[in-house]
Amino acid sequence: MILPPEAASETVENRASTGSGAVRKQRIKREGVVIRFAGDSGDGIQIAGTQFTNESALAGNDIATLPEFPAEIRAPAGTIAGVSGFQVNFSSSEIFTAGDEPDVLIAMNPAALKANLGDLAPNAIIIIDKESFNDASIKRAGYKENPLTDHSLSKFQVFEVDITGLTTRALRELGLSNRESHRCRNFFTLGLVSWLYQRPIENTVKYLERRFQKNRQLAEANVRALRAGYNYGETTEMFASSYVVEPAKIAPGVYRSITGNGAAALGFVVAASKANRPLFLGSYPITPASDILHDLAGFKNFAVYTFQAEDEIAGVSSAVGAAFGGAIAITTTSGPGMNLKAEAIGLAVKVELPLVITDVQRAGPSTGMPTKPEQADLLMAMFGRHAEAPLPIIAAATPADCFACAYEAVRIAVKYMTPVILLSDGQLANGAEPWLLPDLDRLPPIEVHFRTDPKGFMPYLRDEATMARPWTVPGTPGLEHRIGGLAGEEGTGNVSYSPANNELMVRTRARKIAGIAREIPPTEVFGNAAGGELLVLGWGSTFGPIREAVRQLRERGRDVSHVHLRYLNPLPADLGDVLRRFRKVMVAEMNMGQLLKLIRAEYLVDAVGCNKIQGRPFKTREIVARALQLIEG
Amino acid sequence: MATALTRKDFASDQDVRWCPGCGDYAILAQVQKVMPELGVPRENVVFISGIGCSSRFPYYMNTYGFHSIHGRAPAIATGLKVTRPDLDVWVVTGDGDALSIGGNHFVHVMRRNVDLNILLFNNRIYGLTKGQYSPTSEMGKVTKSTPMGSVDFPFNPIRVGLGAGGSFVARAVDVEQKHLGDMLRRAHDHRGTSFIEILQDCVIFNEGAFGQLTDKATQADSQIVLEHDKPLVFGKNRDKGIRLNGMRPEVVTLGNGVSEADLLVHDETNLALAFMLANLEPPFPTPIGVFYAVSRPTYDGAVNQQFQQAREKLGPGDIRELLHRGGTWEVH
Chain A
60 MILPPEAASE TVENRASTGS GAVRKQRIKR EGVVIRFAGD SGDGIQIAGT
110 QFTNESALAG NDIATLPEFP AEIRAPAGTI AGVSGFQVNF SSSEIFTAGD
160 EPDVLIAMNP AALKANLGDL APNAIIIIDK ESFNDASIKR AGYKENPLTD
210 HSLSKFQVFE VDITGLTTRA LRELGLSNRE SHRCRNFFTL GLVSWLYQRP
260 IENTVKYLER RFQKNRQLAE ANVRALRAGY NYGETTEMFA SSYVVEPAKI
310 APGVYRSITG NGAAALGFVV AASKANRPLF LGSYPITPAS DILHDLAGFK
360 NFAVYTFQAE DEIAGVSSAV GAAFGGAIAI TTTSGPGMNL KAEAIGLAVK
410 VELPLVITDV QRAGPSTGMP TKPEQADLLM AMFGRHAEAP LPIIAAATPA
460 DCFACAYEAV RIAVKYMTPV ILLSDGQLAN GAEPWLLPDL DRLPPIEVHF
510 RTDPKGFMPY LRDEATMARP WTVPGTPGLE HRIGGLAGEE GTGNVSYSPA
560 NNELMVRTRA RKIAGIAREI PPTEVFGNAA GGELLVLGWG STFGPIREAV
610 RQLRERGRDV SHVHLRYLNP LPADLGDVLR RFRKVMVAEM NMGQLLKLIR
660 AEYLVDAVGC NKIQGRPFKT REIVARALQL IEG
Chain B
77 MATALTRKDF ASDQDVRWCP GCGDYAILAQ VQKVMPELGV PRENVVFISG
127 IGCSSRFPYY MNTYGFHSIH GRAPAIATGL KVTRPDLDVW VVTGDGDALS
177 IGGNHFVHVM RRNVDLNILL FNNRIYGLTK GQYSPTSEMG KVTKSTPMGS
227 VDFPFNPIRV GLGAGGSFVA RAVDVEQKHL GDMLRRAHDH RGTSFIEILQ
277 DCVIFNEGAF GQLTDKATQA DSQIVLEHDK PLVFGKNRDK GIRLNGMRPE
327 VVTLGNGVSE ADLLVHDETN LALAFMLANL EPPFPTPIGV FYAVSRPTYD
377 GAVNQQFQQA REKLGPGDIR ELLHRGGTWE VH
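Line by line, the protein sequences are chains A and B. The opening position of the first sequence corresponds to residue 60 in the working numbering, with each subsequent residue numbered one higher. The opening position of the second sequence corresponds to residue 77 in the working numbering, with each subsequent residue numbered one higher.
In structure tokens form, the structure reads like this:
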């Protein structure tokens, strides 16, 4: 988390050339700022937020974002249910989360104000669209009184900007309909906020020209709105100063901004390319996983097949078929789809074919809150198949980490001839952060060796080191063989009902998966590796708030450390030893305590939980509070 | 090399374990006989099945094979065929596997027209689970799960295949070996999803379900063999035929002023006719043969064509360039 803006402010000289002879305004330096854009789900909030994020990334800040949108595509306009939000934290120092409390709220209507007011930092800036605060919309948002006049906003700095009117005026000559110019309000707002935080807007101009390539008028309108907003900030007397957030000191290299779903898609493409095999995705659209399908569908020239199947079951089954044929096969889904895929995943476990199943977790049970994140599929990933069907599980910690985890999942699947579950969640999927592009030559190799030698061939003859069976694909002369779901004899794979063979095979498959622990790197402890008072253990998207909380606690002199697990099955070989070095272990996760159960069962460690099941990420302060309670209690 | 193969080359070393007298034996024998004639190298042949008696089929073929899970074989085969268009992929399924638990995959593979051959063994009963009614069992059928008779209206697999947009829909009978062989060859030669409903006798739980059709005494009068461009003639003495009366088919006896010229002539490319023929159930003779066969782009062909187009337009993908898309910045 970033410091409150007041803590790091410093006036710097205004070096900008202010067009049209406007007043010279002072610029105030800030370490970091959290902005939340909010409006109707049709207001273009996500686009404005994403563009602001890109501008900030290009300005060299460290960034983290938290988009929040309703599951309804267009909920009734002006209602709380229809409010879409996009929070971005940009900073000149390293940040781990999108921020607990926005310093700035852009509210495009009264509902957007009402829905977000409770989250704001004290003295936060609120920019509202004046025209949208009419009696009808104030009432529709559920306000009894106009919040702009009833003094309920007195602890904030409220700026009433006539966003709608100014946008309409800026576009007057273009002959657009009211509706069309109304839809450019998001870019007017983006322009204004870009000025307020001194973000360059040229990249957004280029983006608009690309996006509306086929409709010059709309491109022109949005660019005009953007510039009008920027210039308005420069010239209006309403804003006495703008703010500067200097570039962050981050590791050198080439960066881009990436979402978790975008990173996962790239991880899969790069993995397949490293393996020199085509990539096959069998998938059925489901929130919040669909973007991986969308991205991969555009990569056909990279030998990427995408199959939008008739259902979740066909999605995974087609991937099993593609794996049988020698492709790098993956399927992507969210919790409800995981339920449906269970039987086919069990088949892949039994026939020992490589397959990666990505579960972008969302709040549940059942349909739950499709656009909200949760981490409650861990035990399903572990045990959600009938009988003994173990498989490796990997969880990504940040949006960019989805790249490395997707790559790693493919590597393990191929090396050990096994399905692998990759756990992401709605927050990682849609959240963005700067991504230091990897050196492709330094990624671990993914080697695919199809068996071609008929001499001594048996479909379940195992590699001594990995216990993997040979990947033998149709089309290979002399190696014709049958695989299937029925119990099979060790070696030949022939159908076998031998009791002893069944136990042997169950134990063999379990040993193969457990053996992967050999190559899991030693557990990294943030804080005190030698042990201490409290260890906060986490996995998945809780990385940001846990790391930030532990950092703050350590700054305050507390003996708290953090371990974040990427490998959830098998667990790292040294984890038990690490856990036992700490007096207390707290597992922070967005569920009722699923990793907690595994840890307690596996290591007999008396760990306790820190749990949140609200479809929202932890706030840093929530983890801090629970940790202090444990230390002091 | 492929031409030198015999039926024995397609028999695996596994003991065949269907019940004695099961119609599956006849189908296996015919498939193994036809395979060498198709000229496909054995290593390029793949049999994929779901669950049920019929789905044990791949274990007995000395080709690549995959005995998968209930109902999902068409989906598995789709993933395989799309990524490996070089393979000759066969799906073996049953009435429960394809039309009940796997109904969704069955209709979607048909509409997509993936270049597969689907052999649906229809015995109108659940055999492997020991005798419950199936989605093709006739109404009123008394089984273990329907002691007072089934109240489920059955599927007509040919109609389902046609309704799902199938480009090749045929029916054969397990014991009519020559005709079955012809259908297998036709199915193999057809580009797209080739669907053959094979009427198959379950001697344990539904013996004689198609007795009328297979019994020498009644066969000729109770079945009609569809042949493209030929009039619909049947009967022991080939003296009966099917004629249209308005929009409705009727059985007529040739002679007494009725000649072959009055009969319906089969046209495999006429979908309306195919539906009409699919609807012929006793007391009409049961049609066997190709109901419908048209050329339509295949899904796997179209996918791979887009693949080529993308490569021609954009060149083979450059991973480095891909990672840099969407705007990058450098930190020094």
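All residues carry an ideal CB built from backbone N, CA and C; glycine is no exception.
Between residue i and residue j, what straight-line distance do the alpha-carbon atoms span, to the nearest angstrom?
i: Pro337 of chain A; j: Pro513 of chain A; result: 25 Å
i: Gly603 of chain A; j: Val595 of chain A; result: 12 Å
i: Thr280 of chain A; j: Asn245 of chain A; result: Checking the displayed sequence, the identity of residue 280 of chain A turns out to be Ala instead of Thr. Looking at the two C-alpha atoms, the distance is approximately 12 Å.
i: Thr156 of chain A; j: Lys84 of chain A; result: 31 Å
i: Asn168 of chain A; j: Arg286 of chain A; result: 22 Å
i: Lys189 of chain A; j: Met439 of chain A; result: 49 Å
i: Val408 of chain A; j: Lys84 of chain B; result: 32 Å
i: Ala80 of chain B; j: Ser125 of chain B; result: 27 Å
i: Thr169 of chain B; j: Ser130 of chain B; result: 6 Å
i: Gly237 of chain B; j: Leu450 of chain A; result: 38 Å
i: Arg476 of chain A; j: Glu371 of chain A; result: A small fix is needed here, since residue 476 of chain A is Met in this sequence, not Arg. Computed Cα separation, rounded: 22 Å.
i: Glu549 of chain A; j: Leu563 of chain A; result: 8 Å
i: Ile423 of chain A; j: Gly103 of chain A; result: Inspection of the sequence shows that residue 423 of chain A is occupied by Gly rather than by Ile. Taking the straight line joining both Cα atoms gives about 27 Å.
i: Gly402 of chain B; j: Ala459 of chain A; result: 15 Å
i: Ser555 of chain A; j: Asn561 of chain A; result: 8 Å
i: Ile94 of chain A; j: Val282 of chain A; result: 22 Å
i: Glu3 of chain A; j: Asp277 of chain B; result: Past the boundaries of the shown model lies residue 3 of chain A; chain A is included only from 60 to 692, so the question cannot be answered.
i: Leu349 of chain B; j: Gly178 of chain B; result: 27 Å
Compare the beta carbon distance of residue i and residue j with 8 Å and say whether it is the shorter of the two.
i: Val328 of chain A; j: Phe361 of chain A; result: yes
i: Leu496 of chain A; j: Arg639 of chain A; result: no
i: Tyr368 of chain B; j: Glu344 of chain B; result: yes
i: Ala348 of chain A; j: Val419 of chain A; result: yes
i: Pro712 of chain A; j: Ile579 of chain A; result: Given a span of 60 to 692 for chain A in the structure shown, any question on residue 712 of chain A remains unanswerable.
i: Ile364 of chain B; j: His255 of chain B; result: yes
i: Asp162 of chain A; j: Ala180 of chain A; result: yes
i: Val701 of chain A; j: Thr154 of chain B; result: Residue numbering for chain A in the displayed model covers 60 to 692; residue 701 of chain A lies beyond these limits and cannot be assessed.
i: Ile351 of chain A; j: Thr391 of chain A; result: yes
i: Ala130 of chain A; j: Thr295 of chain A; result: no
i: Thr582 of chain A; j: Asp618 of chain A; result: no
i: Asp171 of chain B; j: Thr212 of chain B; result: yes
i: Ile127 of chain B; j: Phe142 of chain B; result: no
DSSP beta-bridge partners for residue i?
i: Phe149 of chain A; result: A:Val92 and A:Ile122
i: Lys643 of chain A; result: A:Leu593
i: Ile605 of chain A; result: DSSP, once it has assigned bridges, lists no residue as partnering Ile605 of chain A.
i: Ser131 of chain B; result: Answer is none; Ser131 of chain B lacks a bridge partner.
i: Asn670 of chain A; result: A:Glu648
i: Asn560 of chain A; result: Answer is none; Asn560 of chain A lacks a bridge partner.
i: Glu273 of chain B; result: B:Leu196 and B:Arg247
i: Leu340 of chain A; result: A:Thr365 and A:Ile389
i: Lys316 of chain B; result: B:Phe310 and B:Thr329
Name, please, each residue of chain B whose Cβ falls closer than 8 Å to the Cβ of residue i.
i: Val264 of chain A; result: Near Val264 of chain A there are no residues of chain B at all, since even the closest Cβ is about 13 Å away, more than 8 Å.
i: Phe339 of chain A; result: Gly155, Val158 and Thr159
i: Leu117 of chain A; result: Gly403 and Trp405
Using a Cβ cut-off of 8 Å, pull out every chain A residue sitting near residue i, in sequence order please.
i: Tyr209 of chain B; result: Near Tyr209 of chain B there are no residues of chain A at all, since even the closest Cβ is about 24 Å away, more than 8 Å.
Name the chain A residues that come within less than 7 Å of residue i, Cβ to Cβ?
i: Val379 of chain B; result: Tyr364
i: Gln90 of chain B; result: Asn553
i: Asp162 of chain B; result: Gly534
Below 7 Å on C-beta distance, what does residue i contact in chain B?
i: Thr535 of chain A; result: Glu119
Which chain B residues sit within Cβ distance under 9 Å of residue i?
i: Arg315 of chain A; result: Leu399, His400, Arg401, Gly402, Gly403, Thr404 and Trp405
Strictly below 9 Å CB to CB, what residues from chain A border residue i?
i: Asn135 of chain B; result: It should be pointed out that residue 135 of chain B corresponds to Tyr in this sequence rather than to Asn. Residues of chain A passing the Cβ test: Arg541, Gly543, Leu545, Asn553 and Val554.
i: Gly268 of chain B; result: Within chain A, no residue comes near Gly268 of chain B; the closest Cβ sits about 17 Å away, beyond 9 Å.
Note down, one range per segment and in chain order, each alpha helix (DSSP H) of at least 4 residues found wholly within the segment 187-263 of chain B.
DSSP runs (the alpha helix (DSSP H)) wholly in the segment 187-263 of chain B: 233-239.
Run through the segment 248-319 of chain A for me and flag every whole beta strand (DSSP E) of 3 or more residues, listed as ranges in chain order.
The segment 248-319 of chain A contains these whole beta strand (DSSP E) runs: 300-304 and 312-318.
Output the residue ranges of the beta strand (DSSP E) runs that lie fully inside the segment 464-494 of chain A and measure 3 residues or longer, sorted by chain position.
Runs found: 478-484.
Would you list, in sequence order, the uninterrupted beta strand (DSSP E) runs of no fewer than 3 residues that lie entirely inside the segment 497-546 of chain A?
With a minimum length of 3 residues, the continuous beta strand (DSSP E) runs that stay inside the segment 497-546 of chain A are 541-543.
Runs of alpha helix (DSSP H) lying entirely within the segment 326-357 of chain B, each at least 4 residues, in chain order:
Correct list: 347-354.
Ignoring anything shorter than 4 residues or poking outside the segment 172-251 of chain A, list the alpha helix (DSSP H) runs there in chain order.
If only complete runs of 4 or more residues are kept, the segment 172-251 of chain A shows the alpha helix (DSSP H) at 194-199, 222-229 and 237-241, in order along the chain.
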